[in-house]
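Read through the structure below, which is laid out as structure tokens, and then see the notes.
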Amino acid sequence: MRRVRLALAALWLTGLVLGSISERSIATSRSVPSTSSGKIYDGFQVLSADLHVHSFPGDGALPPWALASEARRRGLDIIALTNHNQMLSWTLTNWFASRSQGVLLLPGEEVTTPKFHMGAVGVQRTVGWDRSARTVAAAVHAAGGVAIAAHPDNEAARAIDGAFADIDGVESAHPVRHVNDKSSRELDASVARALAEHPGIAQIGSSDFHYLAPIGLCRTYIFARDMTIRSVLEAIHAGRTVACDGRGRTYGDPHLALAVGEACRAAATAKPNLHGQLNRIAVLCAWLGAFGLTLAGPRRAIE
Ligand SMILES: [Zn+2]
Ligand SMILES: [Zn+2]
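Shown next, in the form of structure tokens:
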């Protein structure tokens, strides 16, 4: 047992060392040029966001400050921390800073119910999960946030049906779109349902980052008055967004989509670079080591 724990500790340490090396390289490299940030369209600032990111502590591998660093490298201006039914990592982030390395961090959670998942972005507190879609959306608004139907498949779309008018956004671009044709068609059908009920609904692109997939794989371009939490939430509520998937396709208002089409294609075709790969290997090592040590347990360690 002692040997196993030593191996796990070594794995964890390797992750930390590799992570530090790659972090240093990352400080001077970007895999995706920040083509969106600073761009003005029709009086609005065009911001690039990933509004569905899981973080540590919780169900993601990276703590918020490492996510901010990775976001910057991936040409993102904004990320929202959306762990399943809890906001612990946001609470910790708030002790440090809500803006890290020029990246705006938004509070949030992924309200996770048996039938559907709902992104709650900008909320100041968690909301109950054992409720209908309409009640969850109302609770999200009361908590100061916007509600986004997360990766809605057929079952989720059926559960939300009738409540899309109360929901601010729908994830038109999500990694499930790239799994196979069937999941892509299901997502298309759910988005069509959302648009039929709520024509101005914000189309959202998110990576749903947990451990390895690059954040910003799918992303959202937000047309906001400025780069503040308040303006970003206002823009989502008003539907001034364009979703961008991992193949460089855009979803949303055609005029707005035209303004960010090139940036979306550039983000999708950006080659994964060595630093990014090293960083992900580091994350995997650190995560496996930490997970193994947790399973091995501190009590067993002193036996
Ligand atoms: Zn989910
Ligand atoms: Zn998620």
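Counted from 1, the sequence shown has number 69 at position 89 by this note's numbering; the numbering is strictly sequential.
Glycine is no exception: its CB is placed at the ideal position from the N, C-alpha and C atoms.
Could you give the distance in angstroms between the alpha-carbon of D225 and the alpha-carbon of H154?
The C-alpha of H154 is placed about 7 angstroms away from the C-alpha of D225.
Inter-residue spacing [alpha-carbon to alpha-carbon] between H217 and D110
Straight-line spacing of the CA atoms in H217 and D110 works out to 24 angstroms.
Output the residue ranges of the alpha helix (DSSP H) runs that lie fully inside the region 115 to 146 and measure 4 residues or longer, sorted by chain position.
Here the runs fully enclosed are 134 to 140.
Which class does P159 belong to by DSSP, given the choice of helix, strand or coil?
Sequence inspection shows Val at residue 159; the Pro mentioned does not correspond to that position. Correct three-state label for V159: coil.
Contact test: H97 Cβ vs ligand 1 heavy atom, cutoff 6 angstroms:
Annotation for H97 indicates a beta carbon within 6 angstroms of some heavy atom of ligand 1.
Local Cβ density within 10 Å of H64, reported as buried at 16 or more and exposed below that
Exposed, since its Cβ has fewer than 16 Cβ neighbours within 10 Å.
Pull every residue with its beta-carbon under 5 angstroms away from any heavy atom of ligand 2, and keep them in chain order.
Ordered along the chain, the selected set is E90 and D188.
Just to confirm my understanding: we take F36, look at its own chain, exclude 5 residues before and 5 after, and list those with CB closer than 7 angstroms. What are they?
Cβ contact annotation for F36 (same chain, cutoff 7 angstroms, sequence separation greater than five): L42, P43 and S69, in chain order.
Quick one: using the 10 Å Cβ neighbour count with 16 as the cut-off for buried, is H178 buried or exposed?
Counting C-beta atoms within 10 angstroms of its own C-beta, H178 has 16 or more neighbours from the protein chains shown and is therefore classed as buried.
By the DSSP assignment, the beta strand (DSSP E) with S152 in it spans what residues?
In the DSSP assignment, S152 falls within the beta strand (DSSP E) that extends over G149 to A153.
Within its chain, find whatever has a CB closer than 6 angstroms to the CB of D146; leave out the 5 residues flanking it on each side and keep chain order.
Once the five neighbours on either side are set aside, the close Cβ partners of D146 are R114 and A117.
Excluding sequence positions up to five away, which residues of its chain have a Cβ less than 7 angstroms from the Cβ of D206?
Take D206, set aside five residues on each side of it, and the residues of its chain with a beta-carbon closer than 7 angstroms to its own are Q25, in chain order.
Tell me, please, whether the region 209 to 216 touches the region 162 to 169 by the rule of three or more beta-carbon pairs shorter than 8 angstroms.
Result no; under three Cβ-Cβ pairs closer than 8 angstroms.
Can you have a look at L192 and say buried or exposed, based on whether 16 or more other CB atoms are within 10 angstroms of its CB?
L192 comes out exposed.
DSSP bridge partner residues for C224 (one or two, in chain order):
Answer is R199 and T230.
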